[in-house]
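In the numbering used here, each number is its position in the sequence shown, counted from 1, plus 208. Don't be surprised by glycine CBs; every beta carbon is placed ideally from N, CA and C. Structure first, commentary second.
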Amino acid sequence: MKFFNAGQIYAADKSTMEKQGISSNELMERAAVQIFNWLHLRMQGAQVKIHLFCGIGNNGGDGMALARHLKEHGYNIEVNVVNYSDKRSKDFLINLDRLKDLKIWPNFLERDCEFAEIGRDDIIVDAIFGIGLNRNPDSWVAKLIQHLNHSGAFILAVDMPSGVFMDKAIEDTNAVIRANHVLSFQAPKLIFFLPETGVFSNQWEVLDIGLDPEYLAATETEFDLMGKNEVLPMYMPREKFSHKGTYGHSLIIGGSHGKIGAVALAAKAALTVGSGLVTAYIPRCGYIPLQTSLPEVMVITDKDDDCIKSIEFDIRPTVVGIGVGLGTSPETAEALSGFLDKVESPLVIDADGLNLLSKHKGLLKKLPPKTILTPHPKELERLIGSWKDDFEKLKKTKAFSKKHDVIIVIKGAHSITVYGGHGYVNATGNPGMATAGSGDTLTGIISGLVAQGYSPLDATIFGVYLHGRAGDIALEQTGYQALTASKIIDAIGMAFIDLFKMPEVPEQEGKGQEESL
209 MKFFNAGQIY
219 AADKSTMEKQ
229 GISSNELMER
239 AAVQIFNWLH
249 LRMQGAQVKI
259 HLFCGIGNNG
269 GDGMALARHL
279 KEHGYNIEVN
289 VVNYSDKRSK
299 DFLINLDRLK
309 DLKIWPNFLE
319 RDCEFAEIGR
329 DDIIVDAIFG
339 IGLNRNPDSW
349 VAKLIQHLNH
359 SGAFILAVDM
369 PSGVFMDKAI
379 EDTNAVIRAN
389 HVLSFQAPKL
399 IFFLPETGVF
409 SNQWEVLDIG
419 LDPEYLAATE
429 TEFDLMGKNE
439 VLPMYMPREK
449 FSHKGTYGHS
459 LIIGGSHGKI
469 GAVALAAKAA
479 LTVGSGLVTA
489 YIPRCGYIPL
499 QTSLPEVMVI
509 TDKDDDCIKS
519 IEFDIRPTVV
529 GIGVGLGTSP
539 ETAEALSGFL
549 DKVESPLVID
559 ADGLNLLSKH
569 KGLLKKLPPK
579 TILTPHPKEL
589 ERLIGSWKDD
599 FEKLKKTKAF
609 SKKHDVIIVI
619 KGAHSITVYG
629 GHGYVNATGN
639 PGMATAGSGD
649 TLTGIISGLV
659 AQGYSPLDAT
669 IFGVYLHGRA
679 GDIALEQTGY
689 QALTASKIID
699 AIGMAFIDLF
709 KMPEVPEQEG
719 KGQEESL
């Protein structure tokens with residue numbers, strides 16, 4: 209699913225109107241009907257007070273049109289016009305006149321006006337600002353927004369929460385609606401998935417308003433949302449007459465005294481995701497623990513007991529995952545440098561491997577093309593430098609990816625895979641995955657997929673998806689607090705099975721189908 213910017217959405221509106229022969233107001237009416245249907249399905253005529261706050265642009269026009277449909281169906285509404293400017297859009301004025309024809313007289317809110325009390329059991333519809341907002345709201349509008357946020361009422365935002373910008377960071381968080389639910393037209397917004405802006409959209413849903421499908425399909429976007437439908441075509445089925453050698457050999461290099469568990473998790477994840485063979489390269493202190501806990505995994509040990517001081521082996525791995533629990537001693541840094549001089553396999557680098565790259569930036573020049581880096585926020589900051597907001601973070605990550613020809617996973621609530629100028633936002637995962645070893649597991653998953661023949665980019669996108677989906681499945685049994693990295697690994701198989709599950713048919717609908725047969 210694509211994330212369109214504001215300019216592309218306006219162009220989609222224009223293309224839709226031209227091809228379908230409709231006016232902008234008719235398109236607005238279509239959107240309002242969809243919002244009304246969403247509300248009506250859930251409220252079924254309940255006389256809860258609905259406070260509509262409408263701006264004077266097209267977002268406000270959507271709210272005005274919605275108010276008319278609510279009134280015509282007997283709902284208890286109050287319409288408020290947030291009069292923040294002398295300029296009004298044509299479609300706003302059309303819908304204002306239609307409201308007046310129904311004898312609905314909005315409250316016009318101006319600077320220094322008193323704000324009416326709103327009950328905690330009421331509903332607020334936020335239609336103040338839309339995708340065109342490009343400056344901070346006036347101070348009095350910010351006070352109104354704070355009043356709405358503090359009311360305790362359920363807030364439904366039309367298209368996006370008012371006060372959030374489409375393509376830049378929020379400057380005044382007190383001037384942003386904190387929406388309980390957002391109804392986004394045609395496609396989700398990237399801002400729903402970024403840490404600094406996503407907090408204002410508790411839940412979101414897409415309403416199809418019939419924008420021109422040809423335009424949407426042909427338009428290239430900077431970011432895509434990767435869910436089941438997007439990753440399923442990446443899946444590589446297994447052939448009947450295959451063998452373990454068909455599915456590659458993953459080598460996991462890492463570990464130090466007290467951190468052998470990180471290698472165990474990564475190796476087990478690589479094995480569980482389908483790597484034909486898995487070997488762990490660790491310090492000698494980890495030999496017995498690893499051989500005992502993972503009988504399926506082969507082990508090579510360094511000459512040193514406590515950390516890796518040289519990386520020498522006589523196997524030919526399909527992929528190397530390096531860095532988990534590795535440590536950052538000078539000897540380990542030297543070993544990594546020597547290894548990068550001669551490595552021929554694709555690489556997945558995580559944890560201390562990333563920290564060593566940050567400490568010794570010259571190592572970046574030695575990375576093979578399309579090396580996969582999986583940093584958490586602090587590791588990313590050490591690599592690319594600090595950023596002032598999420599938008600700058602994405603810009604700097606793209607630049608770093610292009611400069612060094614690397615694939616970067618920005619780990620987070622919605623991990624984002626960046627390669628060159630494009631970003632892939634993951635749709636799976638949950639807060640329970642913020643736990644020790646979760647990142648080590650991801651390293652193993654991606655390594656195991658590369659071993660099986662997935663391209664580095666597909667392996668990264670698909671691996672991040674499977675990691676998150678396995679976490680979601682495991683969560684059903686553990687809850688957030690008890691979810692561990694081992695439980696995520698145990699659920700990888702179910703994440704694969706889930707790829708091919710069809711949506712459940714509602715019981716009543718299913719009975720109707722049987723009768724028609």
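Under the three-state DSSP convention, the category S359 falls into: For S359, the three-state secondary structure derived from DSSP is coil.
Coil, strand or helix - L278 by DSSP: DSSP places L278 in helix when its eight states are reduced to three.
Complete runs of the beta strand (DSSP E) confined to the segment 246-291 [at least 3 residues]: The qualifying runs are 258-262 and 285-290.
Own chain partners of P639 with C-beta closer than 8 Å, once the 5 adjacent residues on each side are dropped: A621 and Y688, listed in sequence order.
Validate contact between the segment 509-517 and the segment 447-467 using beta carbons, cut 8 Å, 3 pairs: Output reads yes: the segment 447-467 touches the segment 509-517.
For Y627, the first and last residue of its enclosing beta strand (DSSP E): Segment I624 to Y627, the beta strand (DSSP E) holding Y627.
Buried versus exposed call for M710 [16 or more other C-beta atoms within 10 Å across all chains shown]: Looking at its Cβ environment, which holds fewer than 16 other Cβ atoms inside 10 Å, M710 is exposed.
D334 and S370 closer than 9 Å at C-beta: Cβ distance < 9 Å, so D334 and S370 count as in contact.
Proximity of T579 and L564 at Cβ, strictly below 9 Å: Contact flag unset, no.
DSSP three-state assignment for H612, whether helix, strand or coil: H612: helix per DSSP, three-state reduction.
Residue environment, Q499, which counts as buried when at least 16 other CB atoms sit within 10 Å: By the Cβ-count criterion, Q499 is exposed, with fewer than 16 other Cβ atoms from all chains shown falling within 10 Å of its own Cβ.
Whole alpha helix (DSSP H) elements within the segment 550-606, 4-residue minimum: Every alpha helix (DSSP H) stretch that sits fully inside the segment 550-606 and reaches 4 residues is listed by chain position as 560-567 and 585-592.
Where D294 sits in the DSSP three-state scheme: Looking at D294 - three-state DSSP - the assignment turns out to be coil, as it is neither helix nor strand.
Distance CB(I519)-CB(Y495) smaller than 9 Å: No, the pair does not count as a contact, with Cβ atoms beyond the cut-off.
Option in I624, P577, G456 and R386 with minimal Cα separation from K611: Check the Cα spacing between K611 and each of I624, P577, G456 and R386: the tightest is with P577.
Delimiting residues of the alpha helix (DSSP H) encompassing H465: Run containing H465: none; DSSP gives neither H nor E here.
Beta bridge counterpart(s) of G371 as assigned by DSSP: Beta-bridge pairing links G371 to no other residue.
Limits of the beta strand (DSSP E) - the one that F670 falls within: Under the DSSP assignment, F670 falls outside any beta strand (DSSP E), being part of the alpha helix (DSSP H) whose first and last residues are P664 to T686.
Rounded straight-line distance, which links the Cα of P491 to that of G561: If I take the Cα positions, the gap works out to 15 Å.
For C262 and V290, believed in contact at Cβ under 8 Å, the rounded distance: Yes, they are in contact, since the Cβ atoms of V290 and C262 sit about 7 Å apart, within 8 Å.
Boundaries (first-last residue) of the beta strand (DSSP E) holding N408: At residue 408 the sequence reads Phe, which differs from the Asn that was named. In this chain, F408 is not harboured by any beta strand (DSSP E), its DSSP state being neither H nor E.
Residue from G676, Q411, N634 and V527 with nearest C-alpha to A387: When each option's Cα is compared against that of A387, the closest is Q411.
Close Cβ partners of Q228 (< 8 Å) along its chain, the five nearest in sequence each way excluded: Apart from sequence neighbours up to five positions away, the residues of its chain that approach Q228 with a beta-carbon distance below 8 Å are G418 and D420, ordered along the chain.
Segment contact flag, the segment 436-445 with the segment 657-677, C-beta cutoff 8 Å, min 3 pairs: Verdict: yes, contact present.
Distance between L473 and A678 (C-alpha atoms, nearest Å): The alpha-carbon separation between A678 and L473 amounts to approximately 14 Å.
The segment 650-659 in contact with the segment 584-592 per 3-pair CB rule at 8 Å: Inter-segment contact for the segment 650-659 and the segment 584-592 is absent: fewer than three beta-carbon pairs are separated by less than 8 Å.
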